[in-house]
Amino acid sequence: MKININKTELFKLLGWVGVALLISGYIRYSVREIWTIWEKLMLGAGGALLVLSVIFNFAAIKAYFGRRSTKLGTNTAAITAIVVAILAMVNFTGFRHSKRFDLTEEKLYSLSDQTRRVVSKLDRDVKIMRFDKDEKPLLRERMEEYKNLSRHISYEWVDPQEKPDVANQYKITHLGETIAVAGNRTERLEGMDEQDITNAILKVTRDKTKIIYFVEGHGEKSLSDTGAEGYSAVETGLKNENYEVKKVNLVTSNQAPSDTSVLVVAGPKQSLFPQEVAMISKFLDEGGKVMLLLDPSTKPQVDEVLSKWGIEVGDNTVIDASGAGRLFGTGPAVPLVIDYGVHPITRNFENTMTFFPLARSVKRATNVSSDIDSTELLKTSESSWAETELTGNQVKFDEGKDTKGPISLGGAASKKVGEKQARLVVIGDSDFAANRYVGLQRNGDLFLNAVNWLAGDEDLISVRPKEAKNRRVTLTESQQNMLFLFSFILLPAIVIVSGIYAWWKRR
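Per the working numbering, the sequence shown starts with residue 2, numbered consecutively.
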């Protein structure tokens, strides 16, 4: 059987195939931003087929452009081409002089204040290396932002198959691994987001890993507790900032460990023994750093420490009657703070909020020693007061017994001790940093900033990277039924009835 092939139609078809290959190759490169053999083959083959189609159909193309209708169409095409050219020039100008605007509430696509502070102060070279078959454009774009902050940052993409010696040098076992390298120190990134990159940079550039000890034995918040009241999120946050976190029982250790950078007492339910209080006082006298988180209705018996440092902790519960807490699903016993003292811990906290579920007052004493520098960090609104007798759900301000707001909920103090500087932070609540609340507003930043300041890591004090909020709407069963009735029954019925009415009127 003989098959007749129309060469004109064949080369016309090949021309369209060539156009399709050119478009596909361009789209593939635009999306991936990687120039591989496939992009070269697609663009090369597409161009070759298009040229062949033009050559073998030249007579038909010439005749087509000789028609009057084609000439009129050519004018339209020329105008279209001019418009496209103008748009292309605008696009090219925008590409060469790009400006990005991050309109997300949490600034998810901008480097955080913490990253900017850490990277801009680097004094040694750090290279981020990605080992993969294909380069990740998003990672390269993110690393360009890091490089713009410091000349000490560099980025390299390595194909382990092309450079197996480099992969072996850094003990790369599989594709997709990313490492940070500074001198002879290497750190593997657990993920690819900003927190992972900055954390790795911290680990390879810090000469010493500081240890944060949490006192236990009195019902304090538990680091291993992943429930709502636990401190597992606090432990994760500290480790992300290159701190080592440990527990200590002062009764069995007889003293604060010698490698303690910061000693934290987080919400003791029972009183500390006198010898434990003496150990904490001695630790501070020797230039140590301590954080005390003291809940209301508890008597930790740390008055000896507090009085020496000019800090008064009230036997009360702070009530916030402003109603602001109801917007966030809390009651009056969860005071809201938007007024902050001038201090490194609360730097850049203006126009932001922190929450303190069941808090007591913590204020600066009137007779503070001249060698102690102290600041009240957290102030409630004028609609609050310090309640001395909290019973039941009904609360009201009692003149002469309760203290009118604003009420201070926390303070920080420091004192020169020889070549060292002793530091103390006291907050009248430990629940603000529990897993249930630590992610609310600036609660997590407050706790970590306090540890940063105590540990002498002021460069880490900042606004940390935020995760995207869950903005899904949860509907009740009745709301779902109403939505179904409106969307699938009522709305279509209105359209149908309107159409029938319009048709009837025209008749």
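Even glycine gets a Cβ: it sits at the ideal position worked out from N, Cα and C.
- Message: If you reduce the DSSP assignment to three classes, tell me which class I408 lands in.
- Response: coil
- Task: Please state whether DSSP places Y214 in a helix, a strand or coil.
- Result: strand
- Query: Among the residues of its own chain, which have a CB less than 7 Å from the CB of V369, if the five just before and after it don't count?
  - Reply: Here the set comprises G311, S375.
- If you check the beta carbons only, do V263 and L461 fall under 8 Å apart? no
- Query: Can you find at least 3 beta carbon pairs, one from the stretch 347-358 and one from the stretch 433-443, that sit closer than 8 Å?
  - Reply: yes
- Message: To the nearest angstrom, how far is the alpha carbon of N471 from that of F215?
- Response: Here N471 scores only 49 on pLDDT, less than 50, and its place in the model should not be relied on; the value that follows carries that caveat. Those two C-alpha atoms are separated by around 32 Å.
- Residue range of the unbroken beta strand (DSSP E) whose run includes E388: Residues 385-388.
- Query: Under a three-way DSSP split, which group does D321 fall into?
  - Reply: strand
- What number of angstroms, rounded off, separates the C-alpha of G220 from the C-alpha of Y156? 47 Å
- Message: Which residue marks the beginning of the alpha helix (DSSP H) containing E195, and which one marks its end?
- Response: 195-206
- Proximity winner among G406, I373, T404, relative to Q1 (alpha-carbon distances): Since the first residue shown for the chain is 2 and the last is 508, residue 1 is missing from the structure and cannot be characterised.
- Message: For S362 and P407, what's the separation of their Cα atoms in angstroms?
- Response: 10 Å
- Would you be able to state if there are at least three C-beta pairs under 8 Å between the stretch 225-244 and the stretch 178-189? no
- Message: Output needed for K240: all residues of its chain with C-beta closer than 8 Å, excluding positions within five of it in sequence on either side, in chain order.
- Response: V246
- Message: Within the continuous beta strand (DSSP E) that includes T253, where are the two ends?
- Response: No beta strand (DSSP E) contains T253, which is instead part of the alpha helix (DSSP H) from 251-254.
- Task: Reducing DSSP to helix, strand and coil, say where V263 ends up.
- Result: It is a strand residue.
- Message: Extract the residue ranges of the alpha helix (DSSP H) inside the stretch 160-198, only unbroken runs of 4 or more that lie entirely within it.
- Response: Scanning the stretch 160-198 for uninterrupted alpha helix (DSSP H) segments of 4 residues or longer gives 165-170, listed from N- to C-terminal end.
- Any idea what DSSP makes of S25, helix, strand or coil? helix
- Message: Between the alpha carbons of M144 and R117, how many angstroms are there, rounded?
- Response: M144 and R117: Cα-Cα distance of roughly 13 Å.
- Task: Please determine, among R131, D114, F132, the residue with the shortest C-alpha to C-alpha distance to L150.
- Result: D114
- Message: Looking only at its chain, what residues have a beta carbon closer than 7 Å to the beta carbon of L203, apart from the 5 residues adjacent to it on each side?
- Response: V119, E242, N243
- beta strand (DSSP E) containing A1: first to last residue? Only positions 2 to 508 of the chain appear in the structure, and residue 1 is not among them; the question remains open.
- Query: First and last residue of the beta strand (DSSP E) that includes I373?
  - Reply: That run of the beta strand (DSSP E) goes 373-380.
- Give every residue of the same chain whose Cβ lies closer than 8 Å to the Cβ of E195, excluding the five residues on either side of it in the sequence, and list them in chain order. L112, S113, T116, R143, P466
- D403 vs T381 beta-carbon contact at 8 Å: no
- Cβ-Cβ distance between A360 and L425 below 8 Å: Not in contact: A360 and L425 (Cβ atoms no closer than 8 Å).
- Query: Is the number of C-beta pairs between the stretch 186-201 and the stretch 434-453 that are closer than 8 Å three or more?
  - Reply: no
- Query: When you compare only the Cα positions, how much space is there between A267 and P301?
  - Reply: 11 Å
- Task: Specify the secondary structure class of M354 as computed by DSSP and reduced to three states.
- Result: coil
- Message: Using a Cβ-Cβ cutoff of less than 7 Å, which residues in the same chain neighbour S121 once the five nearest sequence positions on both sides are dropped?
- Response: Correct list, in chain order: L150, S151.
- Query: Among residues of its own chain, excluding the 5 on either side of F448, which ones have a beta-carbon nearer than 8 Å to its beta-carbon?
  - Reply: These residues qualify, in order along the chain: V235, G238, F433, A434, V439.
- In terms of DSSP beta bridges, what is L123 paired with? Per DSSP, L123 has no beta-bridge partner at all.
- Task: Tell me whether Y341 sits in a helix, a strand or coil according to DSSP, three-state version.
- Result: strand
- Close-in-space but distant-in-sequence residues of the same chain around L50 (CB under 8 Å, 5 per side omitted): L15, G16, V18, G19, L22
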